[in-house]
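The block underneath contains the structure these notes are about, expressed in structure tokens.
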Amino acid sequence: MSDYNIAVLAGDGIGPEVMVEAKKVLAAVSKKFDISFQLNDFDVGGLAIDNHGKALPAATLKGCEDSSAILFGSIGGPKWDSLPLEERPERAALLALREHFDLFSNLRPAKIYPGLEAFSPLRADISASGFDVLVVRELTSGIYFGQPKGLEGEGEEQFAYDTMRYSKREIRRIAISAFNAAQKRGKKVTSVDKANVLVCSRLWREVVEEVAKDYPEVELEHIYIDNATMQLIRNPSQFDVMLCSNLFGDIISDECAMITGSMGLLPSASINQDNFGMYEPAGGSAPDIAGKGIANPIAQILSASMLLRFSLNETAAADAIDAAVVKTLGDSILTGDLLGPDERHLAKSTSEVGDYIAA
Ligand code: ATP
Ligand code: MG
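Numbering-wise, the UniProt record's numbering puts 17 at position 17 of the sequence shown, and it's gapless, one number per residue.
Right, dumping it as structure tokens:
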């Protein structure tokens with residue numbers, strides 16, 4: 001029987017509510033597949049600022065270091081918005097964790113489930129051809145991390161600069177993540193760049209081509225970022241895995257999320273070289289609906305499934321969770337975010353949806 005330590009960082013807003021449901025589902029797969037989890041709770045984000053004076057206390061970081069993976073909820077909210085940028089939960093906890101564990105590979109699957117096509121702003125096209133994309137975004141380098149950055153000069157001649165930089169090593173490892181993922185999916189990688197303008201993108205393309213040679217069964221195509229945003233609207237079903245740098249992946253993953261039309265369904269993974277990872281919903285702490293028991297727990301539950309799949313290699317258990325989610329949606333056990341305005345009376349609560357998936 002396998003035994004795993006998982007650090008559970010539920011955080012703020014709807015985080016704690018949806019985390020309860022993810023734990024229920026982990027308990028269910030633990031029983032069915034004979035996997036034992038030690039789920040250890042730690043404070044993070046605004047909650048940790050209130051309880052310990054900082055968003056990522058040393059005990060939380062230590063707890064994460066001693067675990068096989070991190071299941072993360074969401075952090076932040078209006079209460080902590082006025083703090084200086086460096087102390088804000090997002091920066092002081094989320095970015096700090098990504099950096100500390102070198103979580104360079106950000107995987108964001110976005111798909112439209114059968115029956116939920118009406119939520120997509122692209123409804124007509126989607127119902128004909130479907131939408132099921134994995135965005136693989138480089139998360140710890142590129143223009144968001146490049147040095148130097150700053151301000152120089154004065155008056156109207158003052159200028160600001162950020163430096164975009166990528167090493168071959170950084171490009172290679174994220175490209176390998178994308179090709180590995182594509183091998184298990186639709187066998188196609190679309191690499192997003194701006195190689196007609198940027199030197200970084202030229203190097204990106206060169207290294208991606210090299211990596212592709214090791215994956216003869218995976219088709220590789222290159223696309224410019226501007227065309228990619230357009231093609232996603234025009235014909236979204238042409239894509240399988242989209243391989244992106246930090247900046248372009250930020251943009252593309254939000255666009256893909258919006259094409260599905262429902263934030264509450266989308267999980268994400270941020271993984272390092274040793275398959276250690278942090279798993280969290282793509283959405284935020286949703287302060288507008290927190291505390292009401294109406295948040296959709298599926299993004300958190302699918303994040304737990306990704307944790308099983310990528311960090312623990314418990315594929316059967318992950319498949320079972322994914323199948324249970326498909327069945328739950330198919331059986332119309334839906335929270336309010338997945339119902340039209342005149343169907344809201346049919347909405348199930350956060351815990352009813354969690355119970356159904358666990359069952
Ligand atoms: P952040 O900066 O943390 O990403 P945000 O301002 O982008 O926050 P989110 O928390 O992502 O906001 O929420 C955006 C919208 O999506 C809100 O209206 C929120 O209620 C809704 N939403 C997000 N997650 C869920 C969920 N799990 N269930 C239902 N609605 C959700
Ligand atoms: Mg957001």
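No residue lacks a Cβ here, since even glycine has one placed at the ideal position from N, Cα and C.
* Asked: Measuring from the CB of methionine 263, is there a heavy atom of the ligand ATP at a distance below 8 Å?
  -> The count along the sequence shown starts at 1 and reaches residue 263 at position 263. Answer for methionine 263: yes, Cβ within range of the ligand ATP.
* **Assigned exposure category for proline 89 - 16 Cβ within 10 Å defines buried** => Working through the sequence shown from its first residue, we reach residue 89 at position 89. So proline 89 counts as buried.
* Measure the C-alpha to C-alpha separation of glycine 13 and glycine 340 and round it to an integer number of angstroms. => Indexing the sequence shown from 1 puts residue 13 at position 13. Indexing the sequence shown from 1 puts residue 340 at position 340. Using only the alpha carbons, I get a separation of about 24 Å.
* **asparagine 180 in three-state terms, based on DSSP** => In the sequence shown, the residue the question calls residue 180 occupies position 180. Residue state, collapsed to three classes: helix.
* Quick one: measure Cβ to Cβ for glutamine 300 and valine 8, integer angstroms, because I've assumed they're closer than 8 Å. => Position 300 of the sequence shown, counting from 1, holds the residue named residue 300. Position 8 of the sequence shown, counting from 1, holds the residue named residue 8. Not quite, the Cβ-Cβ distance comes to about 11 Å (not below 8 Å), so this is no contact.
* Indicate, with yes or no, if the ligand ATP has a heavy atom lying under 8 Å from the CB of isoleucine 14. => Against the sequence shown, residue 14 aligns to sequence position 14. Yes, since a heavy atom of the ligand ATP falls inside the 8 Å radius drawn around the Cβ of isoleucine 14.
* **serine 237 - partner residues in DSSP beta bridges** => Here the question's residue 237 lines up with position 237 in the sequence shown. Under DSSP, serine 237 shares a beta bridge with no residue.
* Asked: Using 8 Å as the Cβ pair cut-off and three pairs as the minimum, do the stretch 50 to 60 and the stretch 25 to 32 touch?
  -> Judged by Cβ distances under 8 Å, the stretch 50 to 60 makes no contact with the stretch 25 to 32, as fewer than three pairs qualify.
* Asked: Are glycine 118 and alanine 175 close, meaning C-beta to C-beta below 9 Å?
  -> One-based indexing of the sequence shown puts residue 118 at position 118. One-based indexing of the sequence shown puts residue 175 at position 175. Glycine is not the amino acid found at residue 118; the sequence shown has alanine there. For alanine 118 and alanine 175, no; Cβs fall outside 9 Å.
* Ignore the nearest five residues each way along the sequence and tell me which others in leucine 94's own chain have a CB closer than 7 Å to its CB. => On the sequence shown, residue 94 is found 94 positions in, with the first residue counted as 1. Only Ile75 meet the Cβ criterion.
* Asked: Can glycine 354 and alanine 22 be called in contact, C-beta distance under 9 Å?
  -> Within the sequence shown, residue 354 is the residue found at index 354, counting from 1. Within the sequence shown, residue 22 is the residue found at index 22, counting from 1. Against a cut-off of 9 Å, the Cβ pair of alanine 22 and glycine 354 comes out as a contact.
* Which stretch, first to last residue, makes up the beta strand (DSSP E) that contains valine 189? -> Stepping through the sequence shown from its first residue, residue 189 is reached at position 189. Counting along the chain, valine 189 sits inside the beta strand (DSSP E) bounded by residues 188 to 193.
* **Alpha carbon of arginine 158 to alpha carbon of arginine 137, nearest angstrom** => In the sequence shown, residue 158 corresponds to position 158, counting from 1. In the sequence shown, residue 137 corresponds to position 137, counting from 1. Note that residue 158 is glutamine in the sequence shown here, rather than arginine. Going from the Cα of glutamine 158 to the Cα of arginine 137 covers about 32 Å.
* Asked: What is the DSSP secondary structure of serine 311, counted as helix, strand or coil?
  -> On the sequence shown, residue 311 is found 311 positions in, with the first residue counted as 1. Note: serine 311 maps to coil in three-state DSSP.
* **Buried/exposed call for aspartate 66, threshold 16 Cβ in 10 Å** => By one-based count along the sequence shown, residue 66 stands at place 66. That one is exposed.
* 6 Å CB neighbourhood of tyrosine 144 in its chain, flanking five on each side removed -> The residue you call residue 144 lines up with position 144 of the sequence shown. Excluding positions up to five away in sequence, the list reads Asn246.
* To do: Would you check if there are 3 or more beta carbon pairs closer than 8 Å linking the stretch 288 to 305 to the stretch 255 to 270?
  => yes
* Check whether the Cβ atoms of glutamate 210 and threonine 229 lie closer than 9 Å to each other. => Along the sequence shown, read from residue 1 onward, the residue named residue 210 stands at position 210. Along the sequence shown, read from residue 1 onward, the residue named residue 229 stands at position 229. Cβ atoms of glutamate 210 and threonine 229: not closer than 9 Å.
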